[in-house]
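Novice: In this note's numbering, the protein residues as written are 115 to 549.
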Ligand code: AMP
Ligand code: GLY
């Protein structure tokens, strides 16, 4: 198959790498890719959100499949434009990507579909928003409606903080159009978990559970990031719970979207908050009365969850993606390998704030069956691979159990270095705390 992967991060490296693992050999392209992706794909000088350039390339090259990694191209209609040429795309049309692009739209769909989620209201007027705060208690969550590069969610511990967040978005215009509408949302207690569902418009296959680590420092301290590590499976959602999540959360959304004329083909990523007695009582149950509530939906694979989940998939990955894009997912032969994966992000000093780029990365070596290195923000500069982003690399350890997987990841990291490199040392701590 001739396949184009759109994007340039660790997620896209994992997608391209997993396609290259298929028994059938593919011709893989990436736009724009990075220094690591270049080892498994031909990188094109086209930006991920440059729809006209991507259309020109696709018209000339006629790929069998395009896989869209990041949300930005989905939200602006990359899939719609390529579909018009008759090209199969794994990644929803713009109307479906609104599940991620507009938190208000996602809430409307969830409410209509009866999917459990935090109680929320939307406001465009700061005074009205502030007047609504007392009904939510503390903490309370303030969210920008639109895409804000992961920075549009504030978990406010005090009324002052909540009011400041409302003012930043509605008065100070901090997130531009993305923050012109805000949601006030009930704080959900519990442990988070990510579920990636492959969807073909009318059916879904759930991939194994994983858990992200959003805060920058050990012990879940410091500001939120794009994600500092992940592992799969996450014991907070054991595989026996997946059918229930499919039935109560994923399928109702897929069906509700179809009712609205939206044929959703791609990943539907459910960020869940789990508050069951098995996962330790974290606090009161949500107003929905459900032990599992949706925190957010994304319209794409998670990053770094993908780097932990994809190495666990057997069968033809390309066929599964193509079948989802063609509306016939049930014909795929994806299987889950009986192993555990743990991914640790190597980041640039200063991330998620400002950081320097261009630091030479030393100690890279070939992957083996214990560890795989996915590049996130890297660039080839003559003979060197140098840093080119805040998240630089995802190192995934594979093992028969979680301890082995984590040890394998950290062992591989021990040989890698670049100026300012840091990483979390406690990936998977929640799973270990359960014993
Ligand atoms: P989101 O971009 O909606 O996933 O929010 C980013 C992060 O904020 C989530 O991963 C949670 O850790 C936290 N968060 C968002 N909404 C809530 C909520 N209603 N209750 C508790 N934490 C939340
Ligand atoms: N790791 C969180 C995300 O991909 O949105």
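Ideal placement from N, C-alpha and C gives every residue a C-beta, glycine not left out.
1. My guess is that residue 423 and residue 346 are in contact by the Cβ rule of under 8 Å, so how many angstroms apart are they, rounded?
2. Pull up the distance between the alpha-carbon of residue 488 and that of residue 455, whole angstroms please.
3. Tell me the DSSP bridge mates of residue 388?
4. Residue 58: which of 186, 274, 341 and 201 sits nearest, CA to CA?
5. Using only the alpha-carbon positions, how far apart do residue 433 and residue 425 sit?
6. Would you check if the segment 399-419 and the segment 300-316 touch, i.e. whether three or more CB-CB distances between them fall below 8 Å?
7. Should residue 374 go down as buried or exposed, given a rule of 16 or more other Cβ atoms within 10 Å for buried?
8. In this structure, what does DSSP give as the bridge partners for residue 368?
9. Pick from 412, 220 and 280: whose alpha carbon is nearest that of residue 241?
10. Does DSSP classify residue 465 as helix, strand or coil?
11. Using DSSP's beta-bridge definition, name the partner residues of residue 331.
12. By DSSP's criteria, residue 299 is part of a beta bridge. Which residues make up the other side?
13. Comparing C-alpha positions only, which one of 537, 298 and 525 sits nearest to residue 335?
14. Could you tell me which of 545, 320, 389 and 181 sits nearest to residue 202, measuring between CA atoms?
15. At the level of alpha carbons, what is the spacing between residue 269 and residue 252?
16. At a threshold of 8 Å, does residue 419 count as lining the ligand GLY (C-beta to nearest heavy atom)?
17. Using DSSP's beta-bridge definition, name the partner residues of residue 313.
18. Which of the three DSSP states, helix, strand or coil, is assigned to residue 412?
19. Using C-beta distances below 8 Å, list every residue in its chain close to residue 529, excluding the 5 sequence neighbours before and after it, in chain order.
20. Please report the distance separating the alpha-carbon of residue 114 from that of residue 343.
21. When DSSP builds the beta bridges, which residues end up paired with residue 428?
22. Quick one: measure Cβ to Cβ for residue 183 and residue 120, integer angstroms, because I've assumed they're closer than 8 Å.
23. Does the Cβ-Cβ distance between residue 461 and residue 339 come in under 9 Å?
24. Check this for me: beta carbons of residue 179 and residue 234, under 9 Å apart or not?
25. Based on Cα-Cα distance, which residue from 548, 485, 429 and 450 lies nearest to residue 138?
26. Taking only three categories from DSSP, how would you classify residue 217?
27. Does the Cβ-Cβ distance between residue 437 and residue 232 come in under 9 Å?
28. Spatial neighbours of residue 246 within its chain, please: CB distance less than 8 Å, with the 5 preceding and 5 following residues excluded, ordered by chain position.
29. Only counting the same chain, and skipping five residues up and downstream in sequence, which positions put a Cβ closer than 6 Å to that of residue 522?
30. Between the Cα of residue 89 and the Cα atoms of 135, 209, 526 and 492, which residue gives the shortest distance?
31. Determine the direct distance from the alpha carbon of residue 548 to that of residue 206, and round the result to whole angstroms.
32. If you compare alpha carbons, which of 410, 457 and 539 is closest to residue 215?
33. State yes or no: is the C-beta of residue 344 nearer than 8 Å to some heavy atom of the ligand GLY?
34. What residues in its chain sit with their C-beta under 6 Å from that of residue 502, if we drop five residues either side in the sequence?
35. Let me know the secondary structure DSSP gives residue 348 once reduced to three states.
36. Can you look up residue 204 in the DSSP assignment and give me helix, strand or coil?
Specialist: Based on what the coordinates show:
1. About 5 Å separates the beta carbon of residue 423 from that of residue 346, a gap short enough to meet the 8 Å contact definition.
2. Whole-angstrom Cα-Cα distance: 13 Å.
3. Partner(s): 305 and 406.
4. The first residue shown for the chain is 115 and the last is 549, placing residue 58 beyond what the model contains.
5. The C-alpha of residue 433 lies about 16 Å from the C-alpha of residue 425.
6. Under the 8 Å Cβ criterion, the segment 300-316 counts as touching the segment 399-419, having at least three qualifying pairs.
7. With a threshold of 16 other beta carbon atoms within 10 Å, residue 374 falls short and is exposed.
8. Residue 368 is bridged by DSSP to nothing; it lacks a bridge partner.
9. It is 280.
10. Of the three classes helix, strand and coil, the one that applies to residue 465 here is coil, per DSSP.
11. In DSSP, residue 331 forms a bridge with 335.
12. Bridge partners of residue 299: 234 and 255.
13. If you compare the alpha carbons of 537, 298 and 525 with that of residue 335, the shortest gap goes to 537.
14. Ranking 545, 320, 389 and 181 by Cα distance to residue 202 puts 181 first.
15. Straight-line measurement puts the Cα of residue 252 at about 9 Å from the Cα of residue 269.
16. Checking every heavy atom of the ligand GLY against the Cβ of residue 419, one is found closer than 8 Å.
17. In the DSSP output, where bridge partners are listed per residue, residue 313 has 318 and 380.
18. Residue state, collapsed to three classes: strand.
19. Apart from sequence neighbours up to five positions away, the residues of its chain that approach residue 529 with a beta-carbon distance below 8 Å are 477 and 479, ordered along the chain.
20. Outside the shown range of the chain (115 to 549) lies residue 114, about which nothing can therefore be said.
21. DSSP links residue 428 through a beta bridge to 449.
22. With 8 Å as the limit, residue 183 and residue 120 qualify as a contact, their Cβ atoms being about 6 Å apart.
23. Yes; because the gap between Cβ atoms is below 9 Å, this pair is in contact.
24. Note that the C-beta distance between residue 179 and residue 234 is not below 9 Å.
25. Closest option to residue 138, Cα to Cα, is 429.
26. Here residue 217 carries a helix assignment [DSSP, helix/strand/coil].
27. It is not a contact, given that the beta carbons lie outside the stated cut-off.
28. Cβ neighbours of residue 246 beyond the five flanking positions: 235, 237 and 298.
29. Around residue 522: 484, 485, 511 and 513.
30. Residue 89 cannot be examined here, being either before or after the span of the chain that is shown, 115 to 549.
31. If you draw a straight line from the Cα of residue 206 to the Cα of residue 548, it comes to about 37 Å.
32. Closest by alpha carbon: 410.
33. For residue 344, the Cβ falls inside the 8 Å cut-off from some heavy atom of the ligand GLY.
34. Contacts found: 471, 491, 492 and 493.
35. Here residue 348 sits in coil by DSSP.
36. Residue 204 sits in a strand when the DSSP states are folded into three classes.
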